[in-house]
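Undergrad:
Protein chains: 2
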Amino acid sequence: MSTIEQVVNKTKSEKALRAKETLINFVTKIEKELESYFDAEIKNSFGVSKKERDLSIHVWKHIKEHNLRPAKRIRGSFVYYGYRLFKNDKEEDLLKASMCIELVHTALLMHDDFMDQDDTRRGKPTTHEYYKKIHQDRKYRFAPLHYGESMALNIGDVALLAGHQILGEVNFPENRKLAALNRLLQGLVNTGLGQAFDVTLEAGGQAQEKDIFDLHLAKTAIYTYENPLHIGAILSGASGNDLKILTKYAIPGGIAFQLQDDILGLYGDPVKTGKPAHSDLRQGKMTLLIIKALKNGSPAQVKRLKEIWGKRDLTESEAGEARKIVKDTGSLDYSRDISRSWARRAQKAIPDMLKKGWNKEAINYLDGVAQYMVERDV
Amino acid sequence: MSTIEQVVNKTKSEKALRAKETLINFVTKIEKELESYFDAEIKNSFGVSKKERDLSIHVWKHIKEHNLRPAKRIRGSFVYYGYRLFKNDKEEDLLKASMCIELVHTALLMHDDFMDQDDTRRGKPTTHEYYKKIHQDRKYRFAPLHYGESMALNIGDVALLAGHQILGEVNFPENRKLAALNRLLQGLVNTGLGQAFDVTLEAGGQAQEKDIFDLHLAKTAIYTYENPLHIGAILSGASGNDLKILTKYAIPGGIAFQLQDDILGLYGDPVKTGKPAHSDLRQGKMTLLIIKALKNGSPAQVKRLKEIWGKRDLTESEAGEARKIVKDTGSLDYSRDISRSWARRAQKAIPDMLKKGWNKEAINYLDGVAQYMVERDV
Chain R
1 MSTIEQVVNK
11 TKSEKALRAK
21 ETLINFVTKI
31 EKELESYFDA
41 EIKNSFGVSK
51 KERDLSIHVW
61 KHIKEHNLRP
71 AKRIRGSFVY
81 YGYRLFKNDK
91 EEDLLKASMC
101 IELVHTALLM
111 HDDFMDQDDT
121 RRGKPTTHEY
131 YKKIHQDRKY
141 RFAPLHYGES
151 MALNIGDVAL
161 LAGHQILGEV
171 NFPENRKLAA
181 LNRLLQGLVN
191 TGLGQAFDVT
201 LEAGGQAQEK
211 DIFDLHLAKT
221 AIYTYENPLH
231 IGAILSGASG
241 NDLKILTKYA
251 IPGGIAFQLQ
261 DDILGLYGDP
271 VKTGKPAHSD
281 LRQGKMTLLI
291 IKALKNGSPA
301 QVKRLKEIWG
311 KRDLTESEAG
321 EARKIVKDTG
331 SLDYSRDISR
341 SWARRAQKAI
351 PDMLKKGWNK
361 EAINYLDGVA
371 QYMVERDV
Chain H
1 MSTIEQVVNK
11 TKSEKALRAK
21 ETLINFVTKI
31 EKELESYFDA
41 EIKNSFGVSK
51 KERDLSIHVW
61 KHIKEHNLRP
71 AKRIRGSFVY
81 YGYRLFKNDK
91 EEDLLKASMC
101 IELVHTALLM
111 HDDFMDQDDT
121 RRGKPTTHEY
131 YKKIHQDRKY
141 RFAPLHYGES
151 MALNIGDVAL
161 LAGHQILGEV
171 NFPENRKLAA
181 LNRLLQGLVN
191 TGLGQAFDVT
201 LEAGGQAQEK
211 DIFDLHLAKT
221 AIYTYENPLH
231 IGAILSGASG
241 NDLKILTKYA
251 IPGGIAFQLQ
261 DDILGLYGDP
271 VKTGKPAHSD
281 LRQGKMTLLI
291 IKALKNGSPA
301 QVKRLKEIWG
311 KRDLTESEAG
321 EARKIVKDTG
331 SLDYSRDISR
341 SWARRAQKAI
351 PDMLKKGWNK
361 EAINYLDGVA
371 QYMVERDV
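If you're matching them up, the sequences are chains R and H in order. If you're matching positions, the first sequence starts at 1 in the numbering used here and goes up one per residue. If you're matching positions, the second sequence starts at 1 in the numbering used here and goes up one per residue.
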């Protein structure tokens, strides 16, 4: 490596490191707000009778526990810094508003974990597993798993709407809140359609490289990056042109994020990522890693990978084989390179933001986090 | 029957009949709006690629077909007349706003049908059955039913949020729209908690008569009656006191509605109601009919009813036995009487509305529909 390359890499990593620190600070702040929010919901739990109220309290305690498991809070940070780009006021209200997307995310995880049939999330039972166990412990009637799944569906609905409600009731001007709420609703309708596309691609079992990017664009890039940045910006009163600059950053940034997520899904440490080991492999998830290895592998590699990919009773050693094939075909390096090039593409929107004279600290966060998200191991 | 009783009954039935006609007229109007709405959603379906757009179009076509199956549209009519009580303008915008709750209802039906494991809804396949069949026809990978259920969950989420979006984007003053949207969100969070209470009571297999009323109050009365009436009223700018009068009508009216729904669930004609035969019995649904029969039946009747209630592979003849036991124990008559007495209690709010000088036609509708909903056979 030349000296210049070393300097560039160091600069990049320092940028990522600073963004990581900023994000960690944000996590501390928003989790304090989230804790107060949940405690209030638990205290004021709805019920027309003591019995119903007790159940509502139980449900809200579960949502709290689930939401407060260690999480990146990147979506909340985008609402926060999407606003901070334009305005430097209303710290407490802004933290409250940023919670909306974290509640929505908990809801979608509850629903996703049912779809993916995952048992754990962030190292603890998924919602359907949690309520399945309650059914068993209390010796209820009928099938424990179906009760668990029904509760996960329901409680997901509760968290999904509660997230929207947070945004509708936070202390910002009414016209901006309504615009932000409409933006959130539109974004999530599209996310739902993207999710339907995802499960259908997965069931179909055939996808091209282009489909993977389309999927990452339709799902993660819009949902995880563009939505929360736009919501924060809209709350501050940003213009349509401002939103376009944010989109220029958000879409490639989100694709980069998802590519790295898929890499961690195959090679990450389950203890760090909080995702069950080999879940992506077991469920036959469509990722660039797999598609590319199937395209570039030798006939023997392709045959073996096809046997393992989507195998519901996968063994540790089979997962190791799959990882080796993806690596040996050059598909891991390919995904990593592509991921980093999307991150660089996102960063091309940074000069536009500087030119606009937006808040420097918020811009630095976006710049660094694009980098950090493709370097992370969690 | 004395002549006076005959006259009273005739008056009651005429009132119900007029409300039924009003509702039928409303159904024609709102279904025209719904059709335009769905056609626009299909035309502008979201997708970052042709493949994704094609799937989104497929999803929206299914939502359209599901929503436009014959339905009572009582919730939509409550948004409409909740507004008409106070204001006589904006016909087209009001019809659009009234669609919100009909989309939300489609969403909850999709989710409920998964929870109840029902195969048909309004005489056609439920969403999970519909997509299960597509999975089989297209010879996709993995389990067809799980694909169907994942799609039902997802598409339910899409319809749920699209319903909220309708309200957020309709042409009414921003402050009222935001207030109505917040009211809808709050109502549906509580409905979700009520639903969690329902599936938990059902799984527990034990409930008191009081629990049934609490459940009907927590779920149907708030969701089907109070929510849409409040939303319509809020859009018109009604005061908190006005909403209280509506609640006085809505809560008992909704309980009456649900008691009659449970009667139709056991004794109704599946062709008319569109519900699968014996679904309530098969899933062990907690109804006043069952609870009361279990309380008042002879040891032999109770023993037999307990064997049949919640039996997943119920036969036609067993369902007949259960119906006979519920009738012979006097539980059917009891439910019918209680249902009608709740309807009368709802009607006690009518003089308050007249005193306020609200729109006469809208008041007549509420008065008559309370009656109609406990006399209906669909």
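Here a beta-carbon is modelled for each residue, glycine too, at the ideal position from N, C-alpha and C. Since the structure is predicted, the reported quantities are computational estimates derived from the model, not experimental observations.
Below 9 Å on C-beta distance, what does H/T220 contact in chain R?
TA: On the second sequence, position 220 is the one that residue 220 of chain H refers to. Simply none; closest approach about 12 Å.
Undergrad: What's the C-alpha gap between H/K43 and H/I57?
TA: The residue you call residue 43 of chain H lines up with position 43 of the second sequence. The residue you call residue 57 of chain H lines up with position 57 of the second sequence. If I take the Cα positions, the gap works out to 8 Å.
Undergrad: Cutting at 6 Å between CB atoms, please list the residues of its own chain near H/W60, excluding the five before and the five after it.
TA: The residue labelled residue 60 of chain H in the question sits at position 60 within the second sequence. Correct list, in chain order: E41, I42 and S45.
Undergrad: Is the beta carbon of H/K285 sitting closer than 9 Å to the one on H/E209?
TA: Your numbering for residue 285 of chain H matches position 285 in the second sequence. Your numbering for residue 209 of chain H matches position 209 in the second sequence. Cβ atoms of H/K285 and H/E209: not closer than 9 Å.
Undergrad: Indicate the three-state DSSP secondary structure (helix, strand or coil) for H/K87 in the structure shown.
TA: Along the second sequence, one-based indexing puts residue 87 of chain H at 87. Residue state, collapsed to three classes: coil.
Undergrad: How do the region 60-78 of chain H and the region 347-356 of chain H stand: do at least 3 beta-carbon pairs fall below 8 Å, yes or no?
TA: No: the two stretches stay apart, fewer than three of their Cβ pairs being nearer than 8 Å.
Undergrad: Is R/T329 helix, strand or coil by DSSP?
TA: Looking up residue 329 of chain R in the first sequence gives position 329. In the structure shown, R/T329 sits in coil (DSSP, three-state: anything other than H, G, I, E or B).
Undergrad: Would you kindly check if the distance between the Cβ of R/A322 and the Cβ of R/L305 is under 9 Å?
TA: Position 305 of the first sequence, counting from 1, holds the residue named residue 305 of chain R. Position 322 of the first sequence, counting from 1, holds the residue named residue 322 of chain R. Yes. Within cutoff.
Undergrad: How would you label H/P70, buried or exposed, when you count the other beta carbons within 10 angstroms and need 16 or more for buried?
TA: In the second sequence, counting from the first residue as 1, residue 70 of chain H sits at position 70. It is exposed - the Cβ of H/P70 has fewer than 16 other Cβ atoms within 10 Å.
Undergrad: Provide the residue span of the alpha helix (DSSP H) that contains H/N171, from first to last.
TA: Position 171 of the second sequence, counted from the start, is the residue given in the question as residue 171 of chain H. Where H/N171 is concerned, there is no enclosing alpha helix (DSSP H), given that its DSSP letter is neither H nor E.
Undergrad: For H/Y131 and H/D119, I'd like the C-alpha separation in whole angstroms.
TA: Residue mapping note: residue 131 of chain H aligns to position 131 of the second sequence, counting from 1. Residue mapping note: residue 119 of chain H aligns to position 119 of the second sequence, counting from 1. Rounded to whole angstroms, H/Y131 to H/D119 spans 12 Å at the Cα level.
Undergrad: Go through its chain and collect everything with a Cβ distance to R/K292's Cβ below 6 Å, but skip five positions before and after it.
TA: Within the first sequence, the letter at position 292 stands for residue 292 of chain R. S331 and Y334.
Undergrad: Taking C-alpha atoms, which residue in R/A16, R/Q371, R/A218 and R/L94 lies nearest to R/G194?
TA: Residue 194 of chain R sits at position 194 when you count from the first residue of the first sequence. Residue R/A218 is the option with its Cα nearest to R/G194.
Undergrad: Using a Cβ-Cβ cut-off of 7 Å (strictly less than) and excluding sequence neighbours within five positions of R/D242, which residues of its own chain qualify?
TA: Position 242 of the first sequence, counted from the first residue, corresponds to residue 242 of chain R. So the list reads A233, once near-sequence residues are dropped.
Undergrad: Quick check on the burial criterion: 16 or more other C-beta atoms within 10 angstroms. Buried or exposed for H/K177?
TA: On the second sequence, residue 177 of chain H is found 177 positions in, with the first residue counted as 1. The residue in question, H/K177, is buried, as its Cβ has 16 or more Cβ neighbours within 10 Å.
Undergrad: So, R/H135 versus H/Q117, is the Cβ gap smaller than 9 Å?
TA: Here the question's residue 135 of chain R lines up with position 135 in the first sequence. Here the question's residue 117 of chain H lines up with position 117 in the second sequence. In this structure, H/Q117 does not lie closer than 9 Å to R/H135 by Cβ.
Undergrad: Just to confirm my understanding: we take R/E318, look at its own chain, exclude 5 residues before and 5 after, and list those with CB closer than 6 Å. What are they?
TA: One-based indexing of the first sequence puts residue 318 of chain R at position 318. These residues qualify, in order along the chain: I308.
Undergrad: Look at the alpha carbon of H/D93 and the alpha carbon of H/G187, and state the distance between them as a whole number of angstroms.
TA: Counting from 1 along the second sequence, the entry for residue 93 of chain H is found at position 93. Counting from 1 along the second sequence, the entry for residue 187 of chain H is found at position 187. In a straight line, the C-alpha of H/D93 is about 22 Å away from that of H/G187.
Undergrad: Taking its Cβ as the centre, do 16 or more other Cβ atoms sit within 10 Å of R/S339, making it buried, or is it exposed?
TA: Within the first sequence, numbered from 1, the residue matching residue 339 of chain R stands at position 339. Answer is buried; the Cβ neighbour count reaches 16.
Undergrad: By Cβ distance, which residues of its chain are closer than 7 Å to H/E31, with the 5 residues on each side in sequence left out?
TA: Here the question's residue 31 of chain H lines up with position 31 in the second sequence. Closer than 7 Å at Cβ, skipping near neighbours: L68.
Undergrad: Could you list the residues in the region 41-73 of chain R with a C-beta less than 8 Å from some C-beta on chain H, going in chain order?
TA: Residues S45, F46, G47, V48, S49, K51, E52, L55, S56 and V59.
Undergrad: Taking any Cβ of chain H, which residues in the region 300-317 of chain R have a Cβ under 7 Å from it, in chain order?
TA: From the region 300-317 of chain R, only G310 have a Cβ closer than 7 Å to chain H.
Undergrad: Counting along the chain, where does the alpha helix (DSSP H) carrying R/Y267 start and finish?
TA: Position 267 of the first sequence, counted from the start, is the residue given in the question as residue 267 of chain R. Run containing R/Y267: G240 to Y267, per the alpha helix (DSSP H) assignment.
Undergrad: Specify whether the region 97-112 of chain R and the region 153-172 of chain R touch according to this definition: at least 3 beta carbon pairs, one from each stretch, less than 8 Å apart.
TA: Touching, per the Cβ criterion.
Undergrad: Shorter than 9 Å from the beta carbon of H/T200 to some beta carbon of chain R?
TA: Stepping through the second sequence from its first residue, residue 200 of chain H is reached at position 200. So, interface residue.
Undergrad: Which residues does DSSP pair with H/P125 in a beta bridge?
TA: The residue labelled residue 125 of chain H in the question sits at position 125 within the second sequence. Per DSSP, H/T120.
Undergrad: What residues in the region 167-180 of chain R have a beta carbon less than 7 Å from any beta carbon of chain H?
TA: Answer set for the region 167-180 of chain R: G168, E169, E174, N175, K177 and L178.
Undergrad: Rounding to the nearest angstrom, what Cα-Cα distance links R/M115 and H/D198 in this structure?
TA: For the purposes of this step, residue 115 of chain R is taken as residue 115 along the first sequence, with counting starting at 1. For the purposes of this step, residue 198 of chain H is taken as residue 198 along the second sequence, with counting starting at 1. Those two C-alpha atoms are separated by around 23 Å.
Undergrad: What did DSSP end up calling H/I4 once you bin it into helix, strand or coil?
TA: Translated into the one-based positions of the second sequence, residue 4 of chain H becomes position 4. With a pLDDT of 48 at H/I4, under the threshold of 50, the modelled position of this residue cannot be trusted, and the question is left open.
Undergrad: Any contact between the region 83-100 of chain H and the region 137-153 of chain H? By contact I mean 3 or more CB pairs, one from each, below 8 Å.
TA: Counting Cβ pairs under 8 Å, fewer than three are found: no touch.
Undergrad: Output, in chain order, the set of chain R residues within a Cβ distance shorter than 8 Å of H/H447.
TA: As displayed, chain H neither begins before 1 nor continues past 378, which places residue 447 of chain H out of reach and without an answer.
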